[in-house]
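In the working numbering, the protein residues as written are 544 to 687.
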Ligand SMILES: [Zn+2]
């Protein structure tokens, strides 16, 4: 039996040898291209078509490029921007997922984390950094 997966893999490896191949930036551009294609169905816009063409050219160029140093640098810049954009939301998502603690930002900039109280209502905590008393309104309570 012929293993098509291995044949495809070796052909792919030979094609990308010494070339940039797929990196995070190309993946992002590919998703962007899909969004553009979907937009193109609804909007009969000349700009969307032009953007599709430009994106495809950039993807093809970056994929086949032999100047790895520049491509890796571009990918790093892209990843830095991406993490910079995502990280503030990561914190919020983590806090929503955390069902056992309450969070409060002190006026000094420190975020205070306290366990859920036994009763809902107003709770007071002292900031470990500046010693200021902070009021936390607890809408959830500890499950017993
Ligand atoms: Zn403080």
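For glycine and all other residues, C-beta sits at the position ideal for the given N, C-alpha and C.
Near ligand 1: residue i beta-carbon under 6 Å from a heavy atom
| i | result |
| --- | --- |
| residue 656 | no |
| residue 653 | yes |
| residue 670 | yes |
| residue 675 | yes |
| residue 663 | no |
Check whether residue i and residue j have beta carbons under 7 Å apart
| i | j | result |
| --- | --- | --- |
| residue 662 | residue 684 | yes |
| residue 668 | residue 680 | no |
| residue 609 | residue 557 | no |
| residue 576 | residue 598 | yes |
| residue 643 | residue 659 | yes |
Buried or exposed by the 16-neighbour rule on C-beta atoms within 10 Å, applied to residue i
| i | result |
| --- | --- |
| residue 635 | exposed |
| residue 524 | Absent from the structure is residue 524, since the part of the chain shown begins at 544 and ends at 687. |
| residue 614 | buried |
| residue 623 | exposed |
| residue 554 | exposed |
| residue 579 | buried |
| residue 568 | buried |
| residue 596 | exposed |
| residue 645 | buried |
Residues that DSSP places opposite residue i in a beta bridge
| i | result |
| --- | --- |
| residue 487 | Lying outside 544 to 687, the shown extent of the chain, residue 487 is not represented and no answer is given. |
| residue 677 | 668 |
Proximity test, Cβ basis, 7 Å: residue i and chain D
| i | result |
| --- | --- |
| residue 641 | Going by chain labels, chain D is absent from the structure shown, which holds only one protein chain. |
For the segment 559–596, which segments carrying the alpha helix (DSSP H) assignment without a break, of at least 4 residues, lie completely within its bounds, in sequence order? 567–585
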